[in-house]
Each structure stands twice: as structure tokens, then as C-alpha cells.
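All you need for this note's numbering is the position in the sequence shown, starting with 1, plus 3. Virtual Cβ for every residue (Gly too), placed ideally from N, Cα, C. Notes for the one structure printed next.
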Amino acid sequence: MIRRYVVLGVVWVGCTAAWMLLGATLLVRSGETSSALVNEVHQLWGPPLDQAAPSAQYTEQRPREERRTVYDASGRPHETTVQKMEDVSIPLPLVSTRARVSLALEHRQTGLLWFPTYAADFEGRYVVLNDTPVTRAVTVSFPLPARGPIYDGFEVLDEKGQALGAEVDGGSAHWMVSLGPSTRHTFQVRYRTRGTSSWSYRPAATGGSVIRDFALEIRSTARGIDFSPGSISPSSVGADGAGWRGTWEFRTLVGSAPISLELPQKTNPGPLAARITFFAPVALLFYFFVVGLLAEGRGHRLHPLSWFLIGCAFFADHLLFAYLADHVPLWLALALSSAVSILLAVTYAQWLVGWRFALREMGLAQLVYLVGFSLTFLLKGFTGLSITVGAILTLFMMMQVTGRRLRADVPRAELVA
């Protein structure tokens, strides 16, 4: 019997080596294509968008002292101070922000990876104040969220709805206005574009700026929105039909933290298949343990070659799933690969132990430890707990089965002794 278990262990080690190789292959496939696919998706749908608040500044000449070394007639050096006039850009405060953006989410699969792409419809109304006592020639800049994407319907309007002569250069739109003392400049910006994965808004034009009279509304066609670490949490959130809506409202806020959303991410088949594959030896170990004890109790002694072929049937599930997941939906790939593996094992085992044992004991065990353990990887945060509960229940069941058989096989006098 010991020799049989040693051979069974050798079979398990061989299957484990095959799974490790397959898992490494999946990681390489996902890793090698990840950066290329990310660049490809960003070129097609745009990168993560990061919209910053507009800024306004005027230029003023101010004196600046400069230390210079001069030489007298005898060639001796002397330090002197020279005043020079230079242009200095001085910012004007942004005193009001009313912005909204709608994000239409659409997941797109490329290879073994899913990408949350979206169409963004942005509109913002801003007010800049000339808080100086003189008239200023002010340059207003509105930074675009990213370089590369196409901006459809981009326009800059004044408070009367008339187009301002904005020029786009260096990733920002610029225009000039003349503002009298304590005069406000109200303008509106609209555009439509596309992005991937996340959307951010930086309400402070410069680090540590005071944010005044701020209101931002974000709507998404999908729920499950997450917030990036270090970002500002919303003032209120709620459902918007089948989608999501969040608002940020501040009367006065000091800080430079952004507002940043992470779009819902679908489970990527490549990394999921790799995790399931690396865990497959544990599932096979449970299967060998349960089926081996049950077969021994029924008087079925399987040849080591039979155990090896059953292990190959287990391996067929992960091999088929690994190369099927990027062609069909995830649930269908799991169902097809599991069905093929169970069919291989049961139809082979029925020649050795009969249909009843093959279907009831072996088929059910394979359904639990192959399919059930694989499905636990879809339960984020509960995989370890689910497998632990399964292991404890397996131990309980085997203790009851073996205890009952030992009690039936051993005379009562020996049990008492």
C-alpha cells in the first residue's frame, strides 16, 4: 500500500510541474502583451484623463536686484548691485467653479485583458476675479486633460454665449481678456473625448490654492465606481437610473488633493487563469485523497497509470480554459473546460470502477474540487475562506467515512481495548 501511495505522489508531482509551467506561460503571455495592449488601447480610446482647473494670470514688470562683479581701471574686481526690470506672472483667483461630466462606460477586451473605456462629456463654467485696483491684460489658460485624444465639440464661450478666440497650444487653450479693477470674467468650456480606466479633476490650479464656491457633478452609466487613494471623497452619492451620480460641493476648501474615480474593472481572464492554474495542484491533492480513500473502501485499486491519466484530465481543464478565455466569455470558457475535463475522467474511470462509482464518487469529487475551487477565485476576498471551509468539510467527511468502515471491519473487543 505504501508503494502505491508513493507512486501516487510521483504522479501528483508530475502534474504539479505541468501546472507550474502552464501558469508561468500564462503570466508571460499576460505580462508581455500588457504594455503593448495598454498602449494600443490608449491610442484608440485615449489614456486616463486628468482634468485640471483653469488658471488666469497677468504680467507685471518688477525690479530685481542682481549681484555682478565689475573691474576697475587697474583690473581689480568689485561686487556691485544692479537693478533689472523683469516680467513676473501673477495669478488671479478662480472664485467660482460649476462643472459636470458624464462618463459612458464600455468594457473592451483585447487578448487576455479587459479595459474599462469610456466617453466623457465635459462642461464647466468658471469665474475669474481681477482683485487688483488697476485694469489688467489677463491670460486665461484651460489645460486639456491629456495629449493625444481627439476633442469633439471643443469650444470656449463667454457669459453671453459668444465664442472666445482661444488658441490651443502645448496641451492648453489660451485667450486674452482685459479686466478692470474688481471685474469678473465668466467663461464656459465644453468638449467630448474618450479615455480609459480613470477620470480625475484637480480643483486647485496651483498646489495649496484656496478653492472657492466649487461644485462638480459626475454621472456614470455604470455603478461600482471606486475612488483613488488620496482623492477627495464626494459630498453626496446616489443612483442615477441604472448608473451612478456623485457631487462635490465646497464653499471654501484649502488643499491640492484631486477628485479621482476608478471605473469598474471586469475580471481579466489571463491573470485569473494563472491564479487558478497555480492552485490546481491543491485541488488535485484533495481529489486524490478523497477518491483514493473511497476507492480503497470499495475495493477498487487503480493502477498508477490510471491515476496519471485522471490527473491529465484535470490538467486538460486548465489548458483548455487558458486558451479559450480570450475567445469566448469567461463563464462559457469555465463551463466548457470543466465539462470536457469531467467527461474525460468519468468516461475513462467507468471502465475501471463502473458507471456508478465513476459518476457518483469520482464525478462529484471532480465537480467540487475542480470546478468549485476554480469558482472561488471569482469571489474577491473570499477565496481563502471558501477553500478553508471546503478543506474542513472534506476532513470531516473522510473522518466519518473511514471511522464507520473501521468500526465495521474491526471486532468490537479490539475497539474497546
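When DSSP states are grouped into helix, strand and coil, glutamine 54 belongs to the strand group. In this structure, the beta-carbon distance from alanine 149 to leucine 52 falls below 7 Å.
Here isoleucine 5 is exposed: its Cβ has fewer than 16 other Cβ atoms, across all protein chains shown, within 10 Å.
Distances from the CA of threonine 19 to each of Phe289, Trp48, Ala283 and Val104 were compared; the closest alpha carbon is that of Ala283.
In this structure, the alpha-carbon of valine 13 lies about 15 Å from that of leucine 305. If you look at isoleucine 345, you'll find it in the alpha helix (DSSP H) that goes 333-360. Taken through DSSP and simplified to helix, strand or coil, glutamate 162 comes out as coil.
Less than 7 Å separates the beta-carbon of proline 152 from that of glycine 49.
Between the stretch 235-248 and the stretch 89-104, the count of C-beta pairs closer than 8 Å stays below three; the two stretches do not touch.
By the C-beta criterion, the stretch 66-85 is judged not to be in contact with the stretch 219-228, since fewer than 3 inter-stretch pairs fall below 8 Å. Restricting attention to Leu296, Leu378, Thr199 and Thr350, the CA atom closest to the CA of leucine 275 is found in Leu378. Under the criterion of beta carbons closer than 8 Å, alanine 348 and isoleucine 395 do not qualify as touching, at roughly 25 Å. By the C-beta criterion, the stretch 104-115 is judged to be in contact with the stretch 327-339, since at least 3 inter-stretch pairs fall below 8 Å.
The secondary-structure analysis by DSSP pairs glycine 183 with nothing; it has no beta-bridge partner.
When Cβ pairs closer than 8 Å are counted between the two stretches, the stretch 53-64 is seen to touch the stretch 197-207, the count reaching three or more.
Three or more beta-carbon pairs drawn from the stretch 399-407 and the stretch 277-296 are found closer than 8 Å, and the two stretches are therefore classed as touching. Within its own chain, the residues whose Cβ lies closer than 8 Å to the Cβ of histidine 81, once the five positions on either side in sequence are excluded, are Thr72, Val73, Tyr74 and Asp75, listed in chain order. The three-state reading of DSSP puts phenylalanine 282 in helix, counting H, G and I together. Proximity to alanine 218 across Gly273, Arg128, Phe230 and Pro94 peaks at Arg128, based on C-alpha coordinates. Along the length of the stretch 218-280, whole beta strand (DSSP E) runs at least 3 residues long occupy 239-243, 246-257 and 262-265, reported in chain order.
The Cβ-Cβ distance between serine 234 and serine 263 falls below 7 Å. Two segments are said to touch when three or more pairs of C-beta atoms, one from each, lie closer than 8 Å; by this definition the stretch 96-104 does not touch the stretch 62-69. Taking the C-beta atoms as reference points, leucine 108 is found no nearer than 7 Å to threonine 280. In chain order, Trp117, Pro119 and Lys269 place their CB closer than 6 Å to the CB of histidine 110, counting only its own chain and leaving out the 5 sequence neighbours on each side. Serine 175 carries a strand assignment under DSSP once its states are collapsed to helix, strand and coil. Residue pairing by DSSP places isoleucine 5 in no beta bridge whatsoever.
In this structure, the alpha-carbon of aspartate 124 lies about 24 Å from that of proline 232. Distance check between glycine 302 and each of Phe291, Phe292, Phe360 and Val343 places Phe360 closest, using alpha-carbon atoms only. Counting along the chain, no alpha helix (DSSP H) covers leucine 132; the unbroken beta strand (DSSP E) around it starts and ends at 116-132. Taking arginine 67 as reference, the option from Thr84, Ser58 and Ser77 with the minimal CA-CA separation is Thr84.
Per DSSP, proline 307 is one residue of the alpha helix (DSSP H) stretching across 307-327. Assignment of serine 212 by DSSP, reduced to helix, strand and coil, places it in the coil class. In the DSSP assignment, serine 200 falls outside any beta strand (DSSP E), carrying neither H nor E. In the same chain as tryptophan 22, and ignoring 5 residues on each side of it, the C-beta atoms closer than 8 Å to its own belong to Thr280, Phe281, Ala283, Pro284, Phe318 and His321, in chain order.
When Thr196, Phe157, Glu162 and Pro146 are compared, the shortest CA-CA separation from glycine 174 is found for Pro146. Note that the stretch 128-142 does not touch the stretch 249-257; fewer than 3 beta-carbon pairs, one per stretch, sit closer than 8 Å.
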